[in-house]
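Participant: First the structure, which I've put down as structure tokens, then a few questions once you've had a look.
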Amino acid sequence: MSHPDLFGGLPLSEPAKVARTTQSLPPAESAAQFRATLHHHAHAYYTLDAPEIPDAEYDRLFRELQALESAHPELLTPDSPTQRVGGPILDAFAQVTHRVPMLSIRTETDTEASGAEAFDTRIRKELALTEADPAVAYVGELKFDGLAMSLRYENRVLVQAATRGDGETGEEVTANIRTIGQIPLRLPIGAPAVLEVRGEVYMRRDDFEALNARQRERIAAGTKGEKTFVNPRNAAAGAVRQLDSGIAAERPLSFFAYGLGDITPVTEGGPQWTTHYDMLQQLKAWGFPVAEQTACVQGAQGLVAFHQRIAAERDALPYDIDGVVYKVNELALQARLGFVTREPRWAVAHKYPAQEEMTTVLAIDVQVGRTGKLTPVAKLAPVFVGGVTVTNATLHNELEARRKDVRVGDTVIVRRAGDVIPEVVSVVLERRPPDAPQFTMVSHCPVCGSLAEREDGEADHRCTGGLFCSAQRKQAIWHFAHRRAMDVDGLGDKLVDQLVDSGQVKTLADLYHLKLDSLANMDRMAEKSAVNLLEALEKSKQTTLGRFLFSLGIRHVGEATAKELARHFGQLDAVMAASEDALLQVPDVGPVVAHSIRTFFDQPHNREVVQALRDAGITWAEGDALAPTEMPLAGITVVLTGTLQSMGRDEAKEKLEALGAKVAGSVSKKTHYVVAGAEAGSKLDKAQALGVPVLDDVGLAVLLAGEKP
Ligand code: I6G
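Just so you know, we're using the numbering used here here: the sequence shown kicks off at 1352 and counts up by one.
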């Protein structure tokens, strides 16, 4: 759309220039030019989403107009952009009688495609169309989850904004609505002398999140009377009904136009429209936001396709919608169809399944994730929300459960949008049973009884049971079998699930007692695969201490740390016996890692699992503790990048580390060498920029011979 460039007769093609020349003008003209310039930029920023000047420049112009208006109060007009920031505090809202009633819209509650088909069938019947007649043309629009609003413009200036109320009489909320940057305060020349625009005030989801974050800060700072909002719609409704428009101005609202109320006849030579769609285009040209998804469609098929398209886009929209609206496009046909009571026959809202519903909390269970994370989960009375029946909602962790203060017996609002896991949005406090107990986190793992711990600075509690805890066993087995751990080829995810679920593998050591006949009897397991797996298990028994330590899945102990531990202590018993202080002597082991290793080996079950694995025949060459400084590449940091010719990067890493080098993931001034293979990218560029020596395969071979190139 090209933006109209005539506001109040002032040319706006070069708005910034206009503003700069105002100093020499009389105050009234100067104020008019500032207003026109600011209107232009507010429209570009809020409605077109295409700002033309930096925010700071807008603010400067705004302040200049404010200064001018306070020096000359007689120049203040209701359409001045300075009036967006809020007016005097009211005692109550005035009542407004709508000159054209604000209708409601019939809702098609059948959320399937048949809902759209039923509307088309009704329309064709009302219009006495036969099968031989062509498809009816419709407009598909969005049904925002907001509040209906009527905006009245007289002589092109916004003079009144009113809520729907009972359709006949609403509340006058003009000062609050003026704070919405997307709503034009003045219309371009050519707009009717009286124009009522109907639409929906709503709050975007990102604005809602930011508002609630601010509210939480205020509550934490002890500000009285502050609360967080349940959802964007409630926040928008609260802002619209604020008696103090200064507060409304702090609550970021948005607007979409969808129709007309009172309007003086459009003069000859002025804009004309004969369809609903063209009317919406005219509103857009006058500066009102119209949803870009609005589309002309043909017949029932077109309606169904529109419903499906918007359903697919729904979760990606930056605001909530609860359905779509279909309207007969031809105004002449709308007139023939008329109204039933307070609803037009030519329009219908076709809903989507609600994304928020109310239900009750039956229990709060603690579930154990595969990494031992303990998650409080609200068990709910079954509720149909977001298109599925929901019986569980995550409370994430103890802090979050406490923040929401969800209790057994509470009535809660549950949200499920798209494929996102269901969430408890808020508690309906008025319905809380008097004796509902506050949630407290378990002190021990509900599955294996091990201690539940929350480390400083972390939100999550974890089960310390490690390999002993059956809930963590599958994850532990996958990790154990990993190529860089015990390297058991053929032990895929599905097989691990079957082995654990059938009870054949309770601890890691059970893997080494699997028998061919029971394996071959498993789902989708051919005898050949079973034989291969048993061979891979047998082969994995010959390993290194580093791989074995890594395979145990000790929290915070990655591959590099496991190798450092092996190198430092030389023997497993020494690692298992090491105090936190002794562990801190290992390169790269800090207090968190040291504590984690100590806690792991303090658990008797973990020691039993280690012993069972040794008893099953897992061995490695144990050595003496080796001081890292005695190794040929001790103290050298190498980065590997690109495709090497002589070996894979994993192999090069393993060999370099075995010689005491540290292999890092990124290049810094502390890197000693970058080994670059074919198609090396940004790491090579960075090495060259920092002057770090770059080696090829030959240079790598020199390093691996224990020499420094
Ligand atoms: O409540 C409404 C929401 C959206 C509407 C509406 C709409 O169009 C997109 N259109 C009409 C004509 C009415 N209510 C009465």
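In this text, a Cβ means the ideal position worked out from N, Cα and C, and glycines have one as well.
Because the structure is a prediction, the values reported are computed rather than measured.
Just to confirm, is the Cβ distance from L1984 to G1909 under 8 Å?
Facilitator: Result no, Cβ atoms of L1984 and G1909 do not sit closer than 8 Å.
Participant: Buried or exposed: where does H1390 fall if 16 or more other Cβ atoms within 10 Å of its Cβ makes it buried?
Facilitator: That one is buried.
Participant: Between F1320 and E1523, how many whole angstroms is the CB-CB distance? I'm expecting something under 8 Å.
Facilitator: With the chain covering 1352 to 2060 only, the question about residue 1320 has no answer from this structure.
Participant: On the CB-based measure, 16 or more other CB atoms within 10 Å of its CB, does K1678 come out buried or exposed?
Facilitator: Buried, by the Cβ-count rule.
Participant: Run through the segment 1827–1907 for me and flag every whole beta strand (DSSP E) of 3 or more residues, listed as ranges in chain order.
Facilitator: You should have found no qualifying run.
Participant: In the structure shown, what three-state DSSP assignment does A1512 receive?
Facilitator: Residue state, collapsed to three classes: strand.
Participant: Using the Cα positions of V1691 and D1673, report the straight-line distance between them to the nearest angstrom.
Facilitator: About 23 Å.
Participant: What number of angstroms, rounded off, separates the C-alpha of G1689 from the C-alpha of P1695?
Facilitator: If you take the alpha carbons of G1689 and P1695, they lie about 6 Å apart.
Participant: Which word fits G1360, buried or exposed, when buried means at least 16 other C-beta atoms lie within 10 angstroms of its C-beta?
Facilitator: Bear in mind that the predicted position of G1360 carries a pLDDT of just 32, short of 50, making it unreliable; the figure below should be weighed with that in mind. Exposed.
Participant: State the Cα-Cα distance for the pair P1955 and I1948, rounded to the nearest angstrom.
Facilitator: Going from the Cα of P1955 to the Cα of I1948 covers about 13 Å.
Participant: Taking one C-beta from the segment 1646–1654 and one from the segment 1582–1591 each time, how about it: are there three or more such pairs within less than 8 Å?
Facilitator: Short answer: they don't touch.
Participant: May I ask you to report which of helix, strand or coil DSSP gives T1762?
Facilitator: T1762: strand per DSSP, three-state reduction.
Participant: Can you grab the Cα-Cα spacing for the pair L1376 / L1546, in whole Å?
Facilitator: Those two C-alpha atoms are separated by around 32 Å.
Participant: Sort R1507, G2016 and I1531 by Cα distance to T1433 and report the nearest one.
Facilitator: Closest option to T1433, Cα to Cα, is I1531.
Participant: In the segment 1759–1825, which residue ranges form an unbroken beta strand (DSSP E) of at least 3 residues, counting only runs that do not cross its ends?
Facilitator: You should have 1762–1766, 1774–1778 and 1812–1814.
Participant: Leaving out the 5 sequence neighbours to the left and right, which residues in its chain are closer than 7 Å to K1890 when beta-carbon positions are compared?
Facilitator: Excluding residues within five positions, none has a Cβ falling inside 7 Å.
Participant: Can you tell me the Cα-Cα spacing of E1797 and A2015, whole angstroms?
Facilitator: The question names Glu, but residue 1797 is Pro in the sequence shown. Going by the C-alpha atoms only, they are around 39 Å apart.
Participant: Determine whether the beta carbon atoms of L1440 and D1558 lie at a separation below 8 Å.
Facilitator: Note that residue 1440 is Ile in the sequence shown, not Leu. Against a cut-off of 8 Å, the Cβ pair of D1558 and I1440 comes out as no contact.
Participant: Rounded to whole angstroms, what's the CA-CA distance from L1412 to F1385? Just pull it up for me.
Facilitator: The straight-line gap from Cα to Cα measures roughly 7 Å.
Participant: I need the DSSP call for R1665, collapsed to helix, strand or coil.
Facilitator: R1665: helix per DSSP, three-state reduction.
Participant: Any heavy atom of the ligand I6G closer than 7 Å to the beta-carbon of Y2062?
Facilitator: The requested residue 2062 is not part of the displayed model; the chain covers only 1352 to 2060.
Participant: Between A1698 and the ligand I6G, is the CB less than 7 Å from at least one heavy atom?
Facilitator: Flag set: Cβ of A1698 near the ligand I6G.
Participant: For the ligand I6G, I want to know if A1561 counts as a neighbour, meaning its beta carbon is within less than 7 Å of at least one of the ligand's heavy atoms.
Facilitator: A1561 Cβ: outside cutoff for every heavy atom of the ligand I6G.
Participant: Pull the bridge partners of E1547 from the DSSP assignment, please.
Facilitator: E1547 pairs with R1503.
Participant: So what's A2009 in DSSP terms, helix, strand or just coil?
Facilitator: Three-state result, A2009: helix.
Participant: Which value, in whole angstroms, describes the spacing of the CA atoms of A1933 and R1835?
Facilitator: Approximately 26 Å between the Cα atoms of the pair.
Participant: Mapping the DSSP letters down to three states, classify G1653 as helix, strand or coil.
Facilitator: Looking at G1653 - three-state DSSP - the assignment turns out to be helix.
Participant: Note down the Cα distance separating A1787 from D1756, rounded to an integer number of angstroms.
Facilitator: Between A1787 and D1756, the C-alpha separation is close to 11 Å.
Participant: Compute the Euclidean distance between the alpha carbons of R1569 and P1378, then round it to the nearest angstrom.
Facilitator: Approximately 41 Å, taken between the alpha carbons.
Participant: Using a Cβ-Cβ cut-off of 7 Å (strictly less than) and excluding sequence neighbours within five positions of T1460, which residues of its own chain qualify?
Facilitator: Same-chain partners within the cutoff: K1702.
Participant: Nearest by alpha-carbon distance to K1494: which of Y1553, Q1962, E1577 and A1600 is it?
Facilitator: The residue with the shortest Cα to Cα distance from K1494 is Y1553.
Participant: Take the Cβ of K2021 as the centre, count every other Cβ of all protein chains shown within 10 Å, and call the residue buried at 16 or more, exposed below.
Facilitator: Exposed, by the Cβ-count rule.
Participant: The beta strand (DSSP E) that contains F1385, what's its start and end?
Facilitator: That residue, F1385, is in no beta strand (DSSP E); its alpha helix (DSSP H) goes P1378 to A1393.
Participant: Is L1454 near the ligand I6G, with its Cβ less than 7 Å from a heavy atom?
Facilitator: Yes, the beta carbon of L1454 sits closer than 7 Å to at least one heavy atom of the ligand I6G.
Participant: Measuring alpha carbon to alpha carbon, tell me which residue in H1795, L1995, D1861 and V2045 is nearest S2019.
Facilitator: Checked all of H1795, L1995, D1861 and V2045; the closest Cα to S2019 is V2045.
Participant: Quick test of your reading: H1449 and E1560, contact by CB under 8 Å. State the CB separation rounded to the nearest angstrom.
Facilitator: That belief does not hold up - the Cβ atoms of H1449 and E1560 are roughly 34 Å apart, past 8 Å.
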